[in-house]
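**Q** Residues 35 to 265 (my numbering) are what the sequence shown spells out, left to right.
Using N, Cα and C, we set each Cβ at its ideal position, and we do this for glycine too.
First the structure, then my questions, so here it is.
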Amino acid sequence: MTLDEQTYSLHGAHSEAIALAGGIPLIIPYVEQSTDIKQLVSLVHGLYLTGGHDIDPHLFYEEPYHELGVVEPLRDTFEINIINKTLSQRKPIFGVCRGCQILNVAFGGSMIQDIKTQVDRKTIQHIQKRPLTYASHTITITHDSLPFDILSTSHLTVNSYHHQANDRLGEHVIASAYSPDAIIEAIEHTDYPFVLGVQWHPERLLHRETKEKNESKLMFERFIHEAKKMM
Ligand code: MN
Numbered sequence: 035m036t037l038d039e040q041t042y043s044l045h046g047a048h049s050e051a052i053a054l055a056g057g058i059p060l061i062i063p064y065v066e067q068s069t070d071i072k073q074l075v076s077l078v079h080g081l082y083l084t085g086g087h088d089i090d091p092h093l094f095y096e097e098p099y100h101e102l103g104v105v106e107p108l109r110d111t112f113e114i115n116i117i118n119k120t121l122s123q124r125k126p127i128f129g130v131c132r133g134c135q136i137l138n139v140a141f142g143g144s145m146i147q148d149i150k151t152q153v154d155r156k157t158i159q160h161i162q163k164r165p166l167t168y169a170s171h172t173i174t175i176t177h178d179s180l181p182f183d184i185l186s187t188s189h190l191t192v193n194s195y196h197h198q199a200n201d202r203l204g205e206h207v208i209a210s211a212y213s214p215d216a217i218i219e220a221i222e223h224t225d226y227p228f229v230l231g232v233q234w235h236p237e238r239l240l241h242r243e244t245k246e247k248n249e250s251k252l253m254f255e256r257f258i259h260e261a262k263k264m265m
């Protein structure tokens with residue numbers, strides 16, 4: 035696909051995860067024409083933000099660095115718009131990977147455009163070279179955070195497929211988890227009942243986890259539980 039051809043593609047694991055947790059997945063396209071996003075949000079009970087390309091650094095007042103990848107400005111602005119409309123209806127939001135980043139940017143936060151070249155300290159491999167159905171690095175979940183409440187643990191191993199990360203957090207956004215190299219791995223908002231972003235891909239870990247407790251499934255189930263309160 036070339037950049038001027040607007041096509042949509044989504045890994046099936048996202049919609050499978052929503053369905054597995056008891057929700058009805060609906061894919062929302064981003065469109066250039068003005069559309070009534072408030073009306074659109076009134077049709078759903080929650081907003082799930084998927085992974086994808088890099089985020090336009092102008093949204094956090096930075097120039098593009100060399101290592102910045104493909105950006106889709108239309109998707110960025112559309113997602114920020116739909117995040118704001120979802121918040122105004124106090125419906126739950128769950129973001130994974132890029133979804134965790136666009137959430138923070140929507141609240142006025144900034145990003146590390148490229149971990150490898152922009153972080154001075156030694157960092158671990160955040161673009162894993164094993165399949166995403168395997169976890170690759172550990173994270174520490176902050177006590178009293180939303181993920182801690184869902185999982186009842188502060189230790190988790192997650193998959194990782196991101197070269198960007200959240201940097202300065204937006205207003206009333208807090209970090210809920212960190213990797214061992216101090217990269218933010220989860221965020222939440224303190225003023226809304228359920229606004230959660232995770233830097234990893236729980237949707238790809240649903241079937242591989244053989245332990246009794248499937249953490250990824252628990253996270254999707256909590257999101258759907260919150261969404262059902264809006265019915
Ligand atoms: Mn990571």
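First and last residue of the beta strand (DSSP E) that includes Leu-83?
**A** Here residue 83 refers to the residue found at position 49 when the sequence shown is read from its first residue. It spans 81-83 - the beta strand (DSSP E) in which Leu-83 sits, taken as one unbroken run.
**Q** Consider the C-beta atom of Gln-233 and the heavy atoms of the ligand SAM; say whether any pair is separated by less than 7 Å.
**A** This structure lacks the ligand SAM; its bound ligands are the ligand MN.
**Q** Quick check on Thr-187: does DSSP put it in helix, strand or coil?
**A** The residue labelled residue 187 in the question sits at position 153 within the sequence shown. Coil.
**Q** Let me make sure I understand the geometry here. Which of Ile-217, Ala-216, Phe-254, Leu-240 has the alpha-carbon closest to that of Leu-230?
**A** Start at 1 with the first residue of the sequence shown, and residue 230 comes out as number 196. Leu-230 has its Cα closest to that of Phe-254, out of Ile-217, Ala-216, Phe-254, Leu-240.
**Q** Since His-48 is in the beta strand (DSSP E), which residue starts that stretch and which ends it?
**A** Counting from one through the sequence shown, the residue named residue 48 turns up at place 14. Counting along the chain, His-48 falls outside any beta strand (DSSP E), though it belongs to the alpha helix (DSSP H) covering 46-54.
**Q** Answer with buried or exposed for His-189, where buried requires no fewer than 16 other C-beta atoms within 10 angstroms of its C-beta.
**A** Here residue 189 refers to the residue found at position 155 when the sequence shown is read from its first residue. Under this definition His-189 is an exposed residue.
**Q** Could you please give the first and the last residue of the uninterrupted beta strand (DSSP E) stretch that includes Phe-128?
**A** By 1-based counting over the sequence shown, the position of residue 128 is 94. Its beta strand (DSSP E) spans residues 127-130.
**Q** Would you call the segment 133-147 in contact with the segment 112-119, where contact means no fewer than 3 C-beta pairs closer than 8 Å?
**A** Because the criterion of three Cβ pairs below 8 Å is met, the segment 133-147 and the segment 112-119 touch.
**Q** For the ligand MN, which residues count as neighbours when the test is a C-beta closer than 5 Å to any heavy atom?
**A** Result (chain order): His-160, Ser-194.
**Q** Applying the 10 Å Cβ sphere with the 16-neighbour rule, what's the burial state of Tyr-82?
**A** Residue numbering aside, residue 82 sits at position 48 when the sequence shown is read from its first letter. Under this definition Tyr-82 is a buried residue.
**Q** So is Thr-187 buried or exposed if we call it buried at 16+ other beta carbons inside 10 Å?
**A** As a working mapping, residue 187 is identified with position 153 in the sequence shown. With fewer than 16 Cβ atoms within 10 Å of its Cβ, Thr-187 is classed as exposed.
**Q** Which value, in whole angstroms, describes the spacing of the CA atoms of Ile-258 and Ile-58?
**A** If you number the sequence shown from 1, residue 258 lands on position 224. If you number the sequence shown from 1, residue 58 lands on position 24. One C-alpha to the other measures close to 9 Å.
**Q** Do Leu-166 and Leu-252 count as a contact pair if the criterion is CB distance below 8 Å?
**A** Indexing the sequence shown from 1 puts residue 252 at position 218. Indexing the sequence shown from 1 puts residue 166 at position 132. In this structure, Leu-166 does not lie closer than 8 Å to Leu-252 by Cβ.
**Q** Are Met-265 and Gly-80 closer than 8 Å when you measure CB to CB?
**A** The residue you call residue 265 lines up with position 231 of the sequence shown. The residue you call residue 80 lines up with position 46 of the sequence shown. Not closer than 8 Å, so no.
**Q** Flag this pair as yes or no: are the beta carbons of Gln-73 and Gln-147 separated by less than 8 Å?
**A** In the sequence shown, the residue the question calls residue 73 occupies position 39. In the sequence shown, the residue the question calls residue 147 occupies position 113. Cβ atoms of Gln-73 and Gln-147: not closer than 8 Å.
**Q** By the DSSP assignment, the beta strand (DSSP E) with Ile-173 in it spans what residues?
**A** What you label residue 173 is simply residue 139 of the sequence shown in a count that begins at 1. Element bounds for Ile-173: 171-175.
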